């Protein structure tokens, strides 16, 4: 089963006006993603997502170019079932034979950034192919599911202090037992973020998990001030309090509060996550399968979470393909407790594929059962929104 072709498509779909929201990324009017398609010489196809941005919109032209002009020539003819070997080929380049024979990395200069995002899409597509070839879901290839069902938390929460409670209660009325809201520079002041969180906590029953996400926009002093202001709000976690470039600062924020700190969605490879752990910077690890290095690297991060007794909570804000990749990793990982479920306007989650992704009335997600990632692209959608 050889790799016969690798294609990448930049998709940009408008978000209906009534589903648009404004955050520190601005008013999100479009949703972008890079769909990666790997085709074998048997005609079997696998699908993955590569991300150019953590937010919903961003140019994907460079990732498309990387996949088709840099990585594809090196991978055509490779055995599609040898996923670990292919990962090493991409990460180590022309020195891959040294890496494979000596058991350590000889990485290319582009060992972070868009090259790893491009690798992420290819890697996920290869797992999809392998699952389809064997007739089993990806989670089975990862060792099987640790549980039958897992609770999802509703990811959204952009409303002001006067409406945030109503917005989040709208999520819990759909069955979600956990909700996440955005804070940070979008609120202009730390005091306003505190005000919004306190309004949210007052509106929600005590048993509802409440998470906050600053998108890395606070300074260290601001993050500490925020933590002091919401310390009695029983936050389940505080996500990306400051810039991911400042790991020491993140550790300083964590040391100043009892609120669990979450991070990892902006990191590339398990090496970056290892460094966060070494700095004692986090309690919850959030790898994104479309950024970290695919399902392969997300599982390596899962092992770090298991070893260091940290919670694993894959970042699942993206298309249906990165969502199902993250879901598969979470179900296979004993360290995972909850799954992120986007409540923003997301056509890539619902219109890009033929299958329907949803939670049950109790806000629960069942373990995957269909071969591969269990998703089929809507090619009419791809054709319409391909850039």
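In this note's numbering, the protein residues as written are 48 to 434. Quick reminder that beta carbons are idealized off the backbone N, C-alpha and C, glycines included. Keep in mind that this is a model prediction, so the values were computed, not measured.
Looking at the backbone, the Cα of residue 148 and that of residue 83 are separated by about 29 Å. Below 8 Å, too few C-beta pairs join the segment 321–333 and the segment 134–154 to call them touching: fewer than three. Non-local C-beta neighbours of residue 80 in its own chain, meaning closer than 6 Å and more than five positions away in sequence, comprise 58, 96, 366, 395, ordered along the chain.
For the options 226, 378, 426, the alpha carbon positioned closest to that of residue 398 is the one of 426. Note on geometry: alpha-carbon atoms of residue 195 and residue 383 lie some 13 Å from one another. With a 10 Å radius around the Cβ and a threshold of 16 neighbouring Cβ atoms, residue 252 comes out exposed. Looking at the backbone, the Cα of residue 166 and that of residue 249 are separated by about 44 Å. Take residue 282, set aside five residues on each side of it, and the residues of its chain with a beta-carbon closer than 7 Å to its own are 257, 258, 259, 306, in chain order.
Between the C-alpha atoms of residue 215 and residue 143 there is a straight-line separation of about 49 Å. Beta-bridge partners assigned by DSSP to residue 126: 49.
Of the other Cβ atoms in all chains shown, 16 or more fall within 10 Å of the Cβ of residue 139; this residue is therefore buried. A residue is called buried when at least 16 other Cβ atoms come within 10 angstroms of its Cβ; residue 74 does not meet this threshold and is exposed. Between residue 222 and residue 410, the beta carbon gap of about 4 Å places them in contact (Cβ cut-off 8 Å). Restricting attention to 173, 125, 77, the CA atom closest to the CA of residue 433 is found in 77. Sequence-distant Cβ neighbours of residue 301 in its own chain, meaning closer than 8 Å and more than five residues away, are 308, 327, 328, 329, 330. According to DSSP, residue pairing for residue 80 in a beta bridge involves 58. Residue range 316–325 is occupied by the alpha helix (DSSP H) that includes residue 319, with no beta strand (DSSP E) assigned at that position. Fully enclosed beta strand (DSSP E) runs of no fewer than 3 residues occupy 386–389 of the segment 364–409, in order along the chain.
By the CB criterion at 8 Å, residue 173 and residue 85 fall inside the cutoff.
Burial state of residue 262 is buried, judged by a 10 Å Cβ sphere holding 16 or more other Cβ atoms. Taking residue 402 as the centre and dropping the five residues before and after it, the same chain places the C-beta of 422 closer than 6 Å to its C-beta, in chain order. Judged by beta-carbon spacing, residue 191 lies beyond the 8 Å limit of residue 229, meaning their Cβ atoms are not closer than that value. When the five nearest sequence neighbours on each side are left out, the beta carbons in the same chain lying within less than 8 Å of the beta carbon of residue 381 are those of 193, 353, in order along the chain. For residue 246, the secondary structure class from DSSP, reduced to helix, strand or coil, is helix.
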